[in-house]
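**Student:** Before anything else, here's the structure in question.
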Amino acid sequence: MGIAKADRKLMREINNMHVLQRVRVRGPVSRPELAEETGLGLSTISNIVTELLADQLIREVGEGDSSGGRRPSLLDINEAARYAFGVKIGPERVWISLFDLRMHQVDTEQLTFRPEESPKILLSRVFAGMERLRKKYRLAEQIVLGVGVSVSGLIDSERGACLYSPILDWEDVPIQELLSQLSQLDVAVENDVNTFAYGTLLQAVNAAVKNLICITTGPGVGAGIILDRCLYRGSHGGAGEFGHMSIDQHGPRCSCGRQGCLDVLASDQFLLARAKEVIGSGKSSRLKAMDLEGRLSPTTLFLAAESGDEAARSIYEELGRNLGCGVANLINLFDPEKIVIGGEGAAASKYFVDTVRDVAAKYAFPHLADHVEIVVDDGAEDAWLQGAAALIIEEFFKVPWSN
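Following our numbering, the numbering of the sequence shown begins with 103 at its first residue and continues without gaps.
Rendered as structure tokens:
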């Protein structure tokens with residue numbers, strides 16, 4: 103193919119995707135509006151629209167207002183033209199969701215698995231779950247774009263591998279390779295907190311937010327960082343290891359070998375360790391009874407706080423002070439507009455989020471602390487799954503020159 107012909111082909115692809123993106127963002131929208139917004143001629147727009155309609159990527163959805171003459175037909179994205187899967191692999195449980203082009207969550211399936219189950223067997227079960235959803239909605243294989251996988255640990259997103267996940271006890275698992283062999287689909291793999299941050303960014307309420315940090319607490323502590331609406335991974339994919347930020351050099355030893363990490367001062371591990379100390383001091387008969395019955399857990403600690411146990415509530419407040427110190431550091435480093443707290447531990451956030459805000463305001467640089475919003479995510483697994491699927495769907499909408 104000659105250079106001129108190749109250039110014309112590329113320009114046509116660029117223009118087509120540019121128009122498709124505008125329809126996605128602005129729809130319902132008319133052809134004249136697309137011409138005005140893209141700078142392309144009306145005849146070029148008409149040709150592109152004809153192609154996109156033929157490919158069923160867009161559809162006509164009625165008529166707009168007339169400024170004289172015929173009422174213009176309106177165009178919108180055809181959300182049913184393509185689909186993608188979002189998968190979240192957590193401790194002993196997997197969520198598999200099907201999303202359309204509008205990022206609507208069509209359906210979700212859950213699997214449970216045993217810790218000793220091999221990654222290869224688990225991923226074969228994930229693929230079987232994907233196939234059940236695809237067949238349930240009678241989707242042709244060719245309209246499924248791919249699957250995004252959200253998994254805890256250190257992830258090589260280029261290779262699509264989990265280098266190390268202490269929660270799953272996985273080491274050097276080639277998720278992309280294994281799942282693509284099974285499914286024959288494009289597979290993207292990302293750290294779970296990063297997909298949480300990406301999914302949160304895409305929510306309508308955050309449409310104007312440029313710099314966002316999502317932090318998680320629960321079995322572990324982590325952070326997903328969005329800068330200028332782009333996911334920040336760092337030089338080696340390790341950005342956001344918030345759980346290994348030390349806030350006390352003389353604090354308890356972390357699994358990483360260092361002292362005073364947030365992973366041991368703001369996680370479930372901290373809650374249970376402090377609960378044991380409280381029980382030993384005789385300050386809470388309710389917690390002592392739970393411990394004697396073998397029922398002491400993050401869930402029962404939360405139930406104790408719900409029932410009015412002051413000792414349980416004070417443990418959450420202490421967690422909030424520790425987490426607030428870390429949040430202050432994030433504010434000073436990244437100057438975000440918004441910080442979102444999520445993860446399993448967020449269910450108990452009403453007992454610590456105000457403390458996080460107070461401590462962050464106290465220790466962050468004043469001008470920065472005054473302009474950051476700290477909120478709690480209560481969307482269960484939705485943002486994590488949406489962010490995973492978006493890894494695939496956003497790639498589909500990329501203008502060719504960005505590749």
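No residue lacks a Cβ here, since even glycine has one placed at the ideal position from N, Cα and C.
1. Does the region 433-453 come close enough to the region 159-167 to have 3 or more Cβ pairs within less than 8 Å?
2. Following the continuous alpha helix (DSSP H) through ASN149, name the residue where it begins and the one where it ends.
3. Who are the Cβ neighbours of GLU446 in its own chain at under 6 Å, not counting the five residues just before and after it?
4. Do LEU367 and LEU403 count as a contact pair if the criterion is CB distance below 8 Å?
5. Do you know whose CA, among ALA341, LEU364, SER416, LEU314, lies nearest ALA377's CA?
6. Compare the C-alpha of SER226 against each of SER282, ARG204, ASP472, PHE187 and name the closest.
7. Quick one: grab the DSSP three-state call for TYR266.
8. May I ask you to report which of helix, strand or coil DSSP gives TYR465?
9. By how many angstroms is the C-alpha of GLU412 removed from the C-alpha of ILE328?
10. Quick one: Cα of HIS206 to Cα of SER199, how far?
11. Within 10 Å of its beta-carbon, does SER386 have 16 or more other beta-carbons around it, so buried, or fewer, so exposed?
12. Where does GLU497 sit, in a helix, a strand or coil, going by DSSP?
13. With DSSP as the reference, label LYS111 as helix, strand or coil.
14. Answer yes or no: do CYS316 and VAL291 have a C-beta to C-beta separation smaller than 8 Å?
15. For ASN149, which option in LEU303, VAL121, PRO174 has the closest C-alpha, if you only look at C-alpha atoms?
16. Have a look at ASP258, SER254, MET232 and flag the residue whose alpha-carbon is nearest the alpha-carbon of VAL246.
17. Within the continuous alpha helix (DSSP H) that includes ASN431, where are the two ends?
18. Going along the chain, which residues of its own chain have a beta-carbon closer than 8 Å to the beta-carbon of LEU144, five neighbours each way excluded?
19. Counting only the same chain and skipping the five closest in sequence on each side, list residues whose C-beta sits under 8 Å from that of HIS549.
20. With 16 as the cutoff for other CB atoms within 10 Å, does ILE435 come out buried or exposed?
21. With distances taken between CB atoms, is the gap from LEU487 to LYS190 smaller than 8 Å?
22. Going by C-alpha distance, which of LYS390, TYR266, ALA491 is nearest TRP197?
23. Rounded to whole angstroms, what is the Cα-Cα separation between LYS111 and ASN118?
24. Kindly provide the ranges of any beta strand (DSSP E) runs that are 3 or more residues long and lie completely inside the region 192-254, ordered along the chain.
25. Taking 8 Å as the limit between beta carbons, can you name the residues of its chain near PHE467, skipping five residues before and five after?
26. Under a Cβ-count criterion, where at least 16 other Cβ atoms within 10 Å of its own Cβ denotes burial, should THR302 be classed as buried or exposed?
27. Between PRO174 and ASN313, is the Cβ-Cβ spacing less than 8 Å?
**Tutor:** Taking the geometry as given:
1. no
2. Translated into positions along the sequence shown, residue 149 becomes position 47. ASN149 -> alpha helix (DSSP H) spans 144-156.
3. For this step, residue 446 is matched to residue 344 along the sequence shown. Cβ neighbours of GLU446 beyond the five flanking positions: GLY320.
4. Position 301 of the sequence shown holds residue 403. Position 265 of the sequence shown holds residue 367. Against a cut-off of 8 Å, the Cβ pair of LEU367 and LEU403 comes out as no contact.
5. Mapped onto the sequence shown, residue 377 falls at position 275. When each option's Cα is compared against that of ALA377, the closest is SER416.
6. On the sequence shown, residue 226 is found 124 positions in, with the first residue counted as 1. Taking only the C-alpha atoms, the option nearest SER226 is SER282.
7. As a working mapping, residue 266 is identified with position 164 in the sequence shown. If DSSP states are grouped into helix, strand and coil, TYR266 belongs with the strands.
8. In the sequence shown, the residue the question calls residue 465 occupies position 363. TYR465: helix per DSSP, three-state reduction.
9. To locate residue 328, count along the sequence shown from 1; it is residue 226. To locate residue 412, count along the sequence shown from 1; it is residue 310. Cα to Cα, ILE328 sits roughly 37 Å from GLU412.
10. Working through the sequence shown from its first residue, we reach residue 206 at position 104. Working through the sequence shown from its first residue, we reach residue 199 at position 97. Straight across, the Cα-Cα distance linking HIS206 with SER199 is about 10 Å.
11. As a working note, residue 386 is residue 284 in the sequence shown. Result: buried.
12. Here residue 497 refers to the residue found at position 395 of the sequence shown. In the three-state reduction of the DSSP assignment, GLU497 falls in the helix class, which pools H, G and I.
13. Within the sequence shown, numbered from 1, the residue matching residue 111 stands at position 9. Three-state DSSP puts LYS111 in a helix.
14. The sequence position of residue 316 within the sequence shown is 214, counting from 1. The sequence position of residue 291 within the sequence shown is 189, counting from 1. No. Outside cutoff.
15. Taking the first residue of the sequence shown as 1, we reach residue 149 at position 47. Out of LEU303, VAL121, PRO174, VAL121 has the C-alpha closest to the C-alpha of ASN149.
16. Position 144 of the sequence shown holds residue 246. Selected option, being the one with the closest Cα: MET232.
17. Here residue 431 refers to the residue found at position 329 when the sequence shown is read from its first residue. Judged by DSSP secondary structure, ASN431 falls within the alpha helix (DSSP H) whose first and last residues are 412-436.
18. Within the sequence shown, the letter at position 42 stands for residue 144. Correct list, in chain order: ARG133, PRO134, ALA137.
19. With the chain covering 103 to 505 only, the question about residue 549 has no answer from this structure.
20. Taking the sequence shown and counting its residues from 1, the one referred to as residue 435 is at position 333. Here residue 435 is Leu; the residue named in the question, Ile, does not match the sequence. It is exposed - the Cβ of LEU435 has fewer than 16 other Cβ atoms within 10 Å.
21. On the sequence shown, position 385 is the one that residue 487 refers to. On the sequence shown, position 88 is the one that residue 190 refers to. Yes; because the gap between Cβ atoms is below 8 Å, this pair is in contact.
22. As a first step, residue 197 must be located in the sequence shown, where it is residue number 95. For TRP197, the nearest C-alpha among the options comes from ALA491.
23. Mapped onto the sequence shown, residue 111 falls at position 9. Mapped onto the sequence shown, residue 118 falls at position 16. Counting only the Cα atoms, ASN118 lies some 11 Å from LYS111.
24. 195-202, 207-214, 246-253
25. The count along the sequence shown starts at 1 and reaches residue 467 at position 365. Answer for PHE467: ILE433, ASN434, listed in chain order.
26. Numbered from 1 along the sequence shown, position 200 holds the residue referred to as residue 302. Under this definition THR302 is a buried residue.
27. Position 72 of the sequence shown holds residue 174. Position 211 of the sequence shown holds residue 313. Cβ atoms of PRO174 and ASN313: not closer than 8 Å.
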